[in-house]
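Asks: If you scroll down you'll find the structure; I have some questions about it.
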Amino acid sequence: MKRGKLLFITGGARSGKSHFAEEIAAKTGKEVVYIATAQAGDEEMKRRIKKHQERRPGNWKTFEEPNNVKKLVKEIGFEDIVILIDCLTLLVSNHLLCNENIIGEDVLERKVLQEIDRLAIIAVQSRAEVIIVSNEVGMGLVPDKKIGRFYRDILGKANNLIAQKADKVFFMLSGIPIKVKG
Numbered sequence: 159m160k161r162g163k164l165l166f167i168t169g170g171a172r173s174g175k176s177h178f179a180e181e182i183a184a185k186t187g188k189e190v191v192y193i194a195t196a197q198a199g200d201e202e203m204k205r206r207i208k209k210h211q212e213r214r215p216g217n218w219k220t221f222e223e224p225n226n227v228k229k230l231v232k233e234i235g236f237e238d239i240v241i242l243i244d245c246l247t248l249l250v251s252n253h254l255l256c257n258e259n260i261i262g263e264d265v266l267e268r269k270v271l272q273e274i275d276r277l278a279i280i281a282v283q284s285r286a287e288v289i290i291v292s293n294e295v296g297m298g299l300v301p302d303k304k305i306g307r308f309y310r311d312i313l314g315k316a317n318n319l320i321a322q323k324a325d326k327v328f329f330m331l332s333g334i335p336i337k338v339k340g
């Protein structure tokens, strides 16, 4: 069985990550499956999601899956397609919110990172080319609230897990992709 490729694209907010990922996916000439992890919790987020939807070609198959991304990748990853996951940032946030009833930050962190590690392993083992987009949140101000620091740290570790297993990693800086790995 052919091994898939894992491409990881990270960078700051509004740095062009999603657009770059979409360009790469479109240029493959393969069928593209887009997995959207965002949830429209307010009007501003609804507008952001709508812009992303309008930008995607009509022939791309879209799944809106805020939590069980690894299961979806496992189900469709046997095909010779491109799977674009946008984005890990929200997937980690969704996992944290779904599991906030777990007592103890250490347990919660382990649970979330295990999910992300399993996603990376499934992506690498699949036949599909998998593109994962995520924000780099560790280069800005230190959040003033404990929960913000906790989230920043977990996302940093999640990004690290994906980057370590990825064949290629790009960092987006002001709309310019910088190849970091591969």
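Heads up: the sequence shown begins at 159 in the working numbering, then just goes up one per residue.
For each residue, glycine too, the CB sits at the ideal point set by N, CA and C.
Everything numeric in this text was worked out from a predicted model, so none of it was measured.
Buried or exposed: which applies to M159, given that a residue is buried once 16 or more other Cβ atoms fall within 10 Å of its Cβ?
Replies: Because the pLDDT at M159 is just 41, under 50, the model does not fix this residue reliably, and the value given afterwards should be weighed accordingly. Exposed, by the Cβ-count rule.
Asks: For L242, is the classification buried or exposed, using 16 other Cβ atoms within 10 angstroms of its Cβ as the cut-off for buried?
Replies: Buried, by the Cβ-count rule.
Asks: Our contact map puts I234 next to K188 with C-beta atoms below 8 Å; I'd like the distance itself, whole angstroms only.
Replies: Not confirmed; about 12 Å, so no contact.
Asks: Tell me the residue span of the alpha helix (DSSP H) that contains T247.
Replies: Its alpha helix (DSSP H) spans residues 246-256.
Asks: For L299, is the classification buried or exposed, using 16 other Cβ atoms within 10 angstroms of its Cβ as the cut-off for buried?
Replies: Exposed, because fewer than 16 other Cβ atoms sit within 10 Å of the Cβ of L299.
Asks: If you draw a straight line from the alpha carbon of V282 to that of P301, how long is it in whole angstroms?
Replies: So the alpha carbons of these two residues sit roughly 33 Å apart.
Asks: Helix, strand or coil for A179 per DSSP?
Replies: In the structure shown, A179 sits in a helix (DSSP, three-state: H, G or I).
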